[in-house]
Amino acid sequence: MTATVARRTFLRLLERARRGEKILITRYGKPAAVIVPPKKEIES
């Protein structure tokens with residue numbers, strides 16, 4: 001997924017990660033970041 005699309009759909013990406021999905025973000029066609037679910041529940 002491109003950084004532009006990730007920016008527009010960020011809240012949906014967070015929900016997908018919460019459900020266990022790993023999401024690769026690319027910039028200029030190269031990997032830039034990965035959104036992953038936390039290893040365990042984190043209290044805020």
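Numbering (our numbering), first residue to last: 1 to 44. Each residue gets a CB set at the ideal place from its N, CA and C atoms; glycine is no exception.
- Secondary structure at Thr9: coil, using DSSP grouped into helix, strand and coil.
- Cβ contact annotation for Thr2 (same chain, cutoff 8 angstroms, sequence separation greater than five): Ile25, Thr26, Arg27, in chain order.
- Each residue's CA atom was taken as its position, placing Arg16 and Gly29 some 22 angstroms apart.
- By alpha-carbon distance to Arg7, the top candidate from Ile35, Arg19, Lys39, Arg18 is Ile35.
- Collapsing the DSSP output to three states places Arg19 in coil.
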